[in-house]
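Adding 249 to a residue's 1-based position in the sequence shown gives its number in my numbering.
Input: a single structure, listed below in structure tokens.
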Amino acid sequence: MDEIIEGISAILRAVWLMVPMLIPNSAAVLFGGGTPVDFGRKMKDGTRILGDGKTWRGLIGGTLSGITLGLIQVVIMKALDAPEWTYSACVTQTVIILFLLSFGSMFGDMLGSFLKRRIKIARGAKAPGLDQYDFLIGTLILMVPLEWAWFYDNMLTTENMYLVGFIGLIVLIPIMHRAMNIIGFKMGKKDVPW
Ligand code: CTP
Ligand code: MG
């Protein structure tokens, strides 16, 4: 019984700490529009580098939303005196991690679009797997070399069941992704519910 509670708590903690990675893509839908990140340029293959779905406003708005939310989370957990639910005792490291989670998420989303364009999947068309996990992959590409110790101590160690939390997060990602896209679609912010 205690193990189940510890496991659920570890999953909630992993989701909580990864909010700055989970939010930017949805925030980008709200803030997006205007000049595309690739400035409309095409590659030699005749297809856009990223496409009109990746804009500067989305990139910057998404990244700043994630960082802002992360800072709010830190204030909440400091007030509740729950240090294990914050990123780091050090303010500088906290900001670095929030940036890696948030920008990494948008970076992964762009990487996903880059790959979709190379295999001729049109902007907005589905790419199962890639659509759900591109932001996690982007975050890991930056996090693993730059903040490996933090990532290991908070997501991979079996201590406190943190690894169970991270695996739980990976399982929940497609469900959360689907839910957010349906909300975006219903709000009229997304053309398609995926
Ligand atoms: N968006 C944006 N800038 C970003 C990311 C997203 O403006 N950097 C906005 C765009 O309006 C985009 C919407 O959020 O259409 C949904 O994002 P996403 O599903 O990632 O883009 P798609 O339009 O599906 O394009 P792609 O096929 O390249 O994924
Ligand atoms: Mg899409």
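We put the beta carbon where it would ideally sit given N, CA and C, even for glycine.
- Set against 7 Å, the gap from the CB of S362 to the closest heavy atom of ligand 1 is smaller.
- Restricting attention to alpha helix (DSSP H) runs no shorter than 4 residues, the region 273 to 357 encloses them at 273 to 280 and 305 to 328, ordered along the chain.
- P377 is the residue among P377, N403 and T312 whose C-alpha sits nearest the C-alpha of I424.
- Taking 8 Å as the cut-off, the beta carbon of R306 is found no closer than this to the beta carbon of G289.
- If you compare the alpha carbons of I325, G417 and V268 with that of L349, the shortest gap goes to V268.
- Under the Cβ criterion (8 Å, minimum of three pairs), the region 298 to 316 counts as touching the region 270 to 277.
- Fully enclosed alpha helix (DSSP H) runs of no fewer than 4 residues occupy 379 to 395 and 397 to 400 of the region 366 to 418, in order along the chain.
- With fewer than three CB-CB distances shorter than 8 Å, the region 323 to 340 does not count as touching the region 357 to 370.
- Here the region 290 to 305 does not lie against the region 327 to 343, with fewer than 3 beta-carbon pairs under 8 Å apart.
- The beta-carbon separation of G315 and I272, rounded to 5 Å, stays under the 8 Å limit for a contact.
- Rounded to the nearest whole angstrom, the C-alpha separation of L299 and E396 is 28 Å.
- By the neighbour-count criterion, in which 16 or more other beta carbons inside 10 Å mark a residue as buried, L385 falls on the buried side.
- G433 carries a helical assignment under DSSP once its states are collapsed to helix, strand and coil.
- Residues T312 of the same chain have their beta carbon placed closer than 7 Å to that of F352, with the five preceding and five following residues left out of the count.
- Fewer than three pairs of CB atoms, one per stretch, sit closer than 8 Å, so the region 430 to 438 makes no contact with the region 367 to 374.
- Ranked by Cα distance from Y411, the options D380, I260 and M292 are led by I260.
- A residue is called buried once 16 or more other Cβ atoms fall within 10 Å of its Cβ, and T388 is buried on that count.
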